[in-house]
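First the structure, in the form of C-alpha cells, and then the observations on it.
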Amino acid sequence: MNLSSSLFGSLIFLSTLLSMQNVEAGFSNSGRMQSKNISLSIGGTLDNNGELIGTESATLSCDTLSGKGLLSSPQISIKTEVFAYTGKIDCSGKCTIIANRPFDDKMFKRSGGGEFVIIIDDNPVNKTAKQAIHSFTTEYNITDELLIQVE
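What follows is the structure, encoded as C-alpha cells:
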C-alpha cells in the first residue's frame, strides 16, 4: 500500500512537472481527419501522410509542413517556416501558403481548380520584409510580383 501511494504521488509530480514545461513536439497524421473547419497550430513538424479534409476551411500553422498525403478544402491557409510538403492540395477556392524559406512550388500536386497564392516571407520579424507572390489560376499560369512593404 505504501509503495502504491508513493508511486501515485510520483506520477502526479511528474505530470505536473511536464505540464509546466513548454514541449514542442509535432503532429503526424497517417489516417483521415475530417471536420467542417480544420484549424491546427503545431509547434514543430506537421507531417501529413494521410488525409486532412476541411469541408469549409483548413488553417494550418507549424514550423515545418511535410508529408505526401492529401490536404483538401475550399479555403486553405498555411503558415509555416519550412514548406516541405510533397502531397496533394485540393482546393476549389483560394489556397494561401506563407513560408519563411523559399521552396520549389512544383513539389506538391495541385487540384480542385482554385487559386494558389504562395508568399515567401524571408524576414517575418522585420516590417520591411520582401515578399514574392506567385498566383496560380486554374490553368496554373504564373504571375510574379515583388512587393516591398515599408511602414
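For the sequence shown, the residue numbers in our numbering are 52 to 202.
Ideal Cβ positions, reconstructed from N, Cα and C, are used throughout, including at glycine.
With respect to the 7 Å criterion, ILE140 and ILE169 are not classified as neighbours on the basis of their beta carbons.
Within the segment 121 to 180, the runs of beta strand (DSSP E) at least 3 residues long that lie entirely inside it are, in chain order, 121 to 123, 126 to 136, 139 to 141, 145 to 150, 160 to 162, 166 to 172. Going by beta carbons, CYS142 and GLY163 fall inside the 7 Å limit. Look at ASN99 here: in three-state DSSP terms it is strand.
The C-beta separation of SER124 from GLY105 comes to about 4 Å, placing the pair in contact by the 8 Å criterion. When beta bridges are read from the DSSP output, THR115 appears opposite THR96, VAL133. In terms of Cβ geometry, CYS146 and PHE167 form a close pair [threshold 7 Å]. About 11 Å separates the Cβ atoms of LEU116 and LEU103, ruling out a contact at the 8 Å cut-off. Looking at the DSSP output, SER86 shares a beta bridge with GLY105. Collapsing the DSSP output to three states places SER79 in a strand.
Within the same chain, THR115, ARG152 come within 6 Å of VAL133 by CB-CB distance, once the 5 residues on both sides are set aside.
Taking a 10 Å sphere around the C-beta of ASN174, we find fewer than 16 other C-beta atoms and assign the residue as exposed.
Here the alpha carbons of THR110 and ASN88 stand approximately 8 Å from one another. Put simply, the backbone Cα of ASP155 is about 16 Å away from that of LYS130.
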